[in-house]
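A.B. asks:
Number of protein chains: 2
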Amino acid sequence: MIEVLPQFNSTFSIDCILFGFDEGELKILLIERNEEPFKDWWALPGNLVSENESLDQSASRILHELTGIENVYMEQFYTFGDIGRHPQGRIISVAYYAMLRLGGDKALKPISNYAKQAHWINVKELPKLAFDHQKIFDQGLEKIKRRIKHQPIAFELLPEKFTLTQLQNVYEVILGKKLDKRNFRKKMLSFNVLKDLNEKQKGVSFRAATLYRFDKRKYGKLFGKEISF
Amino acid sequence: MIEVLPQFNSTFSIDCILFGFDEGELKILLIERNEEPFKDWWALPGNLVSENESLDQSASRILHELTGIENVYMEQFYTFGDIGRHPQGRIISVAYYAMLRLGGDKALKPISNYAKQAHWINVKELPKLAFDHQKIFDQGLEKIKRRIKHQPIAFELLPEKFTLTQLQNVYEVILGKKLDKRNFRKKMLSFNVLKDLNEKQKGVSFRAATLYRFDKRKYGKLFGKEISF
DNA sequence: ACCAGATATTGTAAAATTAACACTTATTGT
DNA sequence: ACAATAAGTGTTAATTTTACAATATCTGGT
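From first to last, the protein sequence lines stand for chains F and A. For what it's worth, full-length UniProt numbering labels the leading residue of the first sequence as 1, then goes sequentially. For what it's worth, full-length UniProt numbering labels the leading residue of the second sequence as 1, then goes sequentially.
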């Protein structure tokens with residue numbers, strides 16, 4: 001015999017911070033809501049979790065519905081459950097982030113019904129956000145600031161082939177400070193996770209830089225190490 | 001007009017890892033369940049979240065009901081939402097940990113109805129745990145291993161007055177490795193967060209060690225610094 | 001008073017890492 | 001050829017980390 005637990009039913013949602021790197025700036029994908037509450041406000045993409053999917057699956061689904069992108073690693077970072085965070089009742093939200101390679105077209109699918117539009121917005125110029133999404137964003141940004149020092153997540157924002165200067169830009173934008181070029185290159189190369197492609201950048205009107213690729217095989221060496229710039 | 005969102009109702013619970021340090025060992029509080037499912041199994045203390053409390057409040061309540069302790073800082077670390085993690089349906093669990101100062105009596109209140117007994121159990125000798133609680137524990141332990149290197153959480157496991165050797169023991173037990181005594185003391189004192197009480201340990205049959213107290217005023221200095229042993 | 005047992009306390013030198021700092025090279029466009 | 005622009009590169013000093021062992025202090029027992 002299986003007893004039925006006494007239940008207080010509530011609802012779960014997932015909210016995602018999708019980070020992208022474009023024109024030298026860190027951006028996130030925001031949607032303009034088309035429904036109450038917070039109609040016409042900007043918000044993090046999110047949705048309710050359905051019955052037959054895990055939290056991770058739900059996060060991937062939301063990403064896919066919004067961008068058409070699949071197979072991207074998303075990481076859960078905090079669950080927001082304050083009373084009153086949602087005006088319509090008790091909705092607890094599990095927050096995820098992902099780092100995306102933005103293609104030229106920025107990979108946005110036609111927007112689904114719940115949003116009027118979606119845009120990549122510079123994190124330095126965020127509008128007022130719906131619900132407690134500003135808080136969620138703040139915490140997510142702190143998370144990747146810590147994360148980037150230990151894990152090779154910076155590569156995930158860049159095209160497959162990238163220059164050391166581009167990589168340094170990612171670090172500088174996320175950490176919010178300038179880094180020394182020589183020390184950065186020395187240290188980054190010392191990890192032995194970059195493969196020199198013997199290939200040069202194209203289409204620039206100055207000396208072309210060497211292209212590198214992130215070498216997954218050597219990935220493990222970075223784990224747990226503090227990278228301090 | 002406020003629309004009603006389409007809802008899939010599910011239930012969520014809080015599970016807590018309560019860490020304690022006793023007899024030189026790291027322990028956690030486990031309860032023996034008195035109800036199906038997993039009747040007679042050991043489990044992390046947990047409970048359903050009620051309608052009028054935030055996640056943090058719920059975690060504090062569970063701690064209080066079980067131990068009588070109040071005003072302890074608990075930290076949320078992950079939310080577990082795999083399908084099938086609970087045999088009776090969709091129950092998502094938000095996991096917290098706390099570090100407790102174990103008094104002589106270990107501060108256990110009479111056990112509430114849902115458990116037969118509760119015990120402090122050495123983390124090296126854990127029994128099989130109910131649900132996915134082993135996974136929750138593993139992740140919680142990893143969390144404090146990382147945390148102890150950046151934040152002064154080790155002090156929270158010790159009595160207010162403690163010796164450097166006791167403090168080193170906490171680090172050794174959590175990190176799972178021996179540390180060099182001279183280097184440990186040098187580094188720990190260099191943070192300037194320990195106040196020398198000019199007072200000696202009592203009741204030992206050998207040279208008594210100096211007692212220290214954690215100095216909250218200097219707390220900030222530790223933040224963000226990597227402590228490597 | 002002395003000794004044995006147990007733990008506390010202390011310093012130094014080598015190695016590794018980090019931090020600070022500026023000039024030369026390569027390429028493009030005029 | 002030269003101006004403009006970013007790529008690429010080494011050394012030194014400072015700091016941090018690591019490795020390592022002898023002496024001091026206290027208790028309890030004789």
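Ideal placement from N, C-alpha and C gives every residue a C-beta, glycine not left out. What you are looking at is a predicted structure, and each value in this text was computed from that prediction instead of being measured.
According to DSSP, is Glu53 of chain A helix, strand or coil?
C.D. replies: Within the second sequence, the letter at position 53 stands for residue 53 of chain A. Glu53 of chain A: coil per DSSP, three-state reduction.
A.B. asks: With respect to the beta strand (DSSP E) encompassing Ile31 of chain F, which residues constitute its N-terminal and C-terminal limits?
C.D. replies: In the first sequence, residue 31 of chain F corresponds to position 31, counting from 1. Per DSSP, Ile31 of chain F belongs to the beta strand (DSSP E) from Glu25 to Arg33.
A.B. asks: If you count every other CB in all the chains shown that lies within 10 Å of the CB of Thr11 of chain A, and 16 or more means buried, which is it?
C.D. replies: Position 11 of the second sequence, counting from 1, holds the residue named residue 11 of chain A. Under this definition Thr11 of chain A is a buried residue.
A.B. asks: Please list the residues of the region 27-53 of chain F that have a C-beta atom closer than 9 Å to any C-beta atom in chain A, keeping them in chain order.
C.D. replies: The residues in question are Glu35, Glu36, Pro37, Leu48, Val49, Ser50, Glu51, Asn52 and Glu53.
A.B. asks: My output table needs one value for His133 of chain F: the three-state DSSP class, helix, strand or coil.
C.D. replies: On the first sequence, residue 133 of chain F is found 133 positions in, with the first residue counted as 1. It is helical.
A.B. asks: For the putative contact between Glu156 of chain A and Met99 of chain A, defined by C-beta atoms under 8 Å, what is the C-beta separation to the nearest angstrom?
C.D. replies: Residue 156 of chain A sits at position 156 when you count from the first residue of the second sequence. Residue 99 of chain A sits at position 99 when you count from the first residue of the second sequence. Going by Cβ atoms, the distance from Glu156 of chain A to Met99 of chain A rounds to 4 Å, so yes, they are a contact pair.
A.B. asks: Would you kindly report the start and end of the unbroken alpha helix (DSSP H) that includes Ser190 of chain F?
C.D. replies: Residue mapping note: residue 190 of chain F aligns to position 190 of the first sequence, counting from 1. Its alpha helix (DSSP H) spans residues Lys181 to Ser190.
A.B. asks: Using beta carbons (cut-off 8 Å, strictly below), is Phe12 of chain A in contact with chain F?
C.D. replies: For this step, residue 12 of chain A is matched to residue 12 along the second sequence. Yes, contact with chain F.
A.B. asks: Based on Cα-Cα distance, which residue from F:Lys27, F:Ile14 and F:Phe21 lies nearest to Pro127 of chain F?
C.D. replies: Translated into positions along the first sequence, residue 127 of chain F becomes position 127. Among F:Lys27, F:Ile14 and F:Phe21, the Cα nearest to that of Pro127 of chain F is on F:Lys27.
A.B. asks: Distance, Cα to Cα, Leu30 of chain F vs Lys178 of chain F?
C.D. replies: Here residue 30 of chain F corresponds to residue number 30 of the first sequence, with the count starting at 1. Here residue 178 of chain F corresponds to residue number 178 of the first sequence, with the count starting at 1. Distance between the alpha carbons of Leu30 of chain F and Lys178 of chain F is about 27 Å.
A.B. asks: Determine the chain F residues that contact Tyr78 of chain A at a beta-carbon separation under 8 Å, and present them in chain order.
C.D. replies: Numbered from 1 along the second sequence, position 78 holds the residue referred to as residue 78 of chain A. Here the neighbours are Gln76.
A.B. asks: Around the C-beta of His119 of chain F, are 16 or more other C-beta atoms found within 10 angstroms, so that it is buried, or is it exposed?
C.D. replies: Here residue 119 of chain F corresponds to residue number 119 of the first sequence, with the count starting at 1. With fewer than 16 Cβ atoms within 10 Å of its Cβ, His119 of chain F is classed as exposed.
A.B. asks: What residues of chain F sit near Arg90 of chain A, judged by a beta carbon separation below 7 Å?
C.D. replies: Your numbering for residue 90 of chain A matches position 90 in the second sequence. Result: Glu51.
A.B. asks: From the beta carbon of Ile83 of chain A, is the nearest beta carbon of chain F less than 8 Å away?
C.D. replies: As a first step, residue 83 of chain A must be located in the second sequence, where it is residue number 83. Output row for Ile83 of chain A: interface = yes.
A.B. asks: Would you please verify whether the beta carbon of Leu55 of chain F is less than 8 Å from any beta carbon of chain A?
C.D. replies: By one-based count along the first sequence, residue 55 of chain F stands at place 55. Closer than 8 Å: yes.
A.B. asks: Return helix, strand or coil for residue 250 of chain F, following the three-state DSSP convention.
C.D. replies: Because chain F here runs from 1 to 229, residue 250 of chain F falls outside it and cannot be looked at.
A.B. asks: Any idea if Gly176 of chain F is buried or exposed, counting beta-carbon neighbours within 10 angstroms, 16 or more meaning buried?
C.D. replies: Taking the first sequence and counting its residues from 1, the one referred to as residue 176 of chain F is at position 176. So Gly176 of chain F counts as exposed.
A.B. asks: Asn183 of chain A to Ile83 of chain F, Cα distance in whole Å?
C.D. replies: As a first step, residue 183 of chain A is located in the second sequence; it is residue number 183 there, counting from the start. As a first step, residue 83 of chain F is located in the first sequence; it is residue number 83 there, counting from the start. One C-alpha to the other measures close to 47 Å.
A.B. asks: Could you check what DSSP says for Gln201 of chain F in three-state terms: helix, strand or coil?
C.D. replies: To locate residue 201 of chain F, count along the first sequence from 1; it is residue 201. Reduced to three states, the DSSP call for Gln201 of chain F is coil.
A.B. asks: So the candidates are A:Glu172, A:Gln201, A:Tyr212 and A:Lys135; which of them puts its Cα closest to the Cα of Ala43 of chain A?
C.D. replies: Locating residue 43 of chain A in the second sequence gives position 43, where the first residue counts as 1. Comparing Cα-Cα distances from Ala43 of chain A to each of A:Glu172, A:Gln201, A:Tyr212 and A:Lys135, the minimum goes to A:Lys135.
A.B. asks: Assign Gln103 of chain F to buried or exposed, taking buried as 16 or more other Cβ atoms, counted over all protein chains shown, within 10 Å of its Cβ.
C.D. replies: Mapped onto the first sequence, residue 103 of chain F falls at position 103. In the sequence on display, residue 103 of chain F carries Gly and not Gln. So Gly103 of chain F counts as exposed.
A.B. asks: So with Cβ pairs under 8 Å, would you call Arg213 of chain A a contact of chain F?
C.D. replies: Residue mapping note: residue 213 of chain A aligns to position 213 of the second sequence, counting from 1. Taking Cβ atoms only, chain F never reaches closer than 8 Å to Arg213 of chain A, which makes this a no.
A.B. asks: Can you check which of these residues, A:Leu164, A:Ala95, A:Asn71 and A:Glu35, is closest to Phe77 of chain A by C-alpha distance?
C.D. replies: Reading the second sequence from its first residue, position 77 is the one you call residue 77 of chain A. That would be A:Ala95, whose Cα lies nearest to the Cα of Phe77 of chain A.
A.B. asks: What residue does the beta strand (DSSP E) around Glu125 of chain F start on, and which one ends it?
C.D. replies: The count along the first sequence starts at 1 and reaches residue 125 of chain F at position 125. Per DSSP, Glu125 of chain F belongs to no beta strand (DSSP E) and is neither H nor E.
A.B. asks: Would you kindly report the start and end of the unbroken alpha helix (DSSP H) that includes Ile14 of chain F?
C.D. replies: Residue numbering aside, residue 14 of chain F sits at position 14 when the first sequence is read from its first letter. Per DSSP, Ile14 of chain F belongs to no alpha helix (DSSP H); it is in the beta strand (DSSP E), Thr11 to Asp22.
A.B. asks: For the alpha helix (DSSP H) that contains Glu36 of chain A, what are its first and last residues?
C.D. replies: Numbered from its first residue, the second sequence carries residue 36 of chain A at position 36. Careful: Glu36 of chain A lies outside any alpha helix (DSSP H) and carries neither H nor E.
A.B. asks: Run down chain A in chain order and give the residues with a C-beta less than 9 Å from the C-beta of Val94 of chain F.
C.D. replies: Counting from one through the first sequence, the residue named residue 94 of chain F turns up at place 94. Under the 9 Å cutoff, chain A gives Thr79, Gly81, Ile92 and Val94.
A.B. asks: For Gln151 of chain F, which three-state DSSP category applies?
C.D. replies: On the first sequence, position 151 is the one that residue 151 of chain F refers to. Three-state DSSP puts Gln151 of chain F in coil, outside helix and strand.
A.B. asks: Going by alpha carbons, who is nearest to Gln166 of chain A out of A:Phe137, A:Gly46, A:Asn47 and A:Glu25?
C.D. replies: Counted from its first residue, the second sequence places residue 166 of chain A at position 166. The shortest C-alpha separation from Gln166 of chain A is found at A:Glu25.
A.B. asks: Specify the secondary structure class of Tyr171 of chain A as computed by DSSP and reduced to three states.
C.D. replies: Working through the second sequence from its first residue, we reach residue 171 of chain A at position 171. If DSSP states are grouped into helix, strand and coil, Tyr171 of chain A belongs with the helices.
A.B. asks: Please name the residue in F:Gln57, F:Ala130 and F:Ile91 whose C-alpha comes closest to that of Glu36 of chain F.
C.D. replies: As a first step, residue 36 of chain F must be located in the first sequence, where it is residue number 36. With distances taken between Cα atoms, Glu36 of chain F lies closest to F:Ala130.
A.B. asks: Can the beta-carbon of Asn47 of chain A be found closer than 8 Å to that of Ile62 of chain A?
C.D. replies: Within the second sequence, residue 47 of chain A is the residue found at index 47, counting from 1. Within the second sequence, residue 62 of chain A is the residue found at index 62, counting from 1. Against a cut-off of 8 Å, the Cβ pair of Ile62 of chain A and Asn47 of chain A comes out as a contact.
A.B. asks: So what does DSSP say about Gln139 of chain A, is it helix, strand or coil?
C.D. replies: Working through the second sequence from its first residue, we reach residue 139 of chain A at position 139. The answer is helix: DSSP assigns Gln139 of chain A an H, G or I state.
A.B. asks: Pick out whichever of A:Glu160, A:Leu194, A:Asn34 and A:Thr210 has its Cα sitting closest to the Cα of Lys200 of chain A.
C.D. replies: Here residue 200 of chain A refers to the residue found at position 200 when the second sequence is read from its first residue. It is A:Thr210.
A.B. asks: State the start and end residues of the unbroken beta strand (DSSP E) segment that holds Thr163 of chain A.
C.D. replies: Stepping through the second sequence from its first residue, residue 163 of chain A is reached at position 163. Note, Thr163 of chain A: premise wrong, no beta strand (DSSP E); not H, not E.
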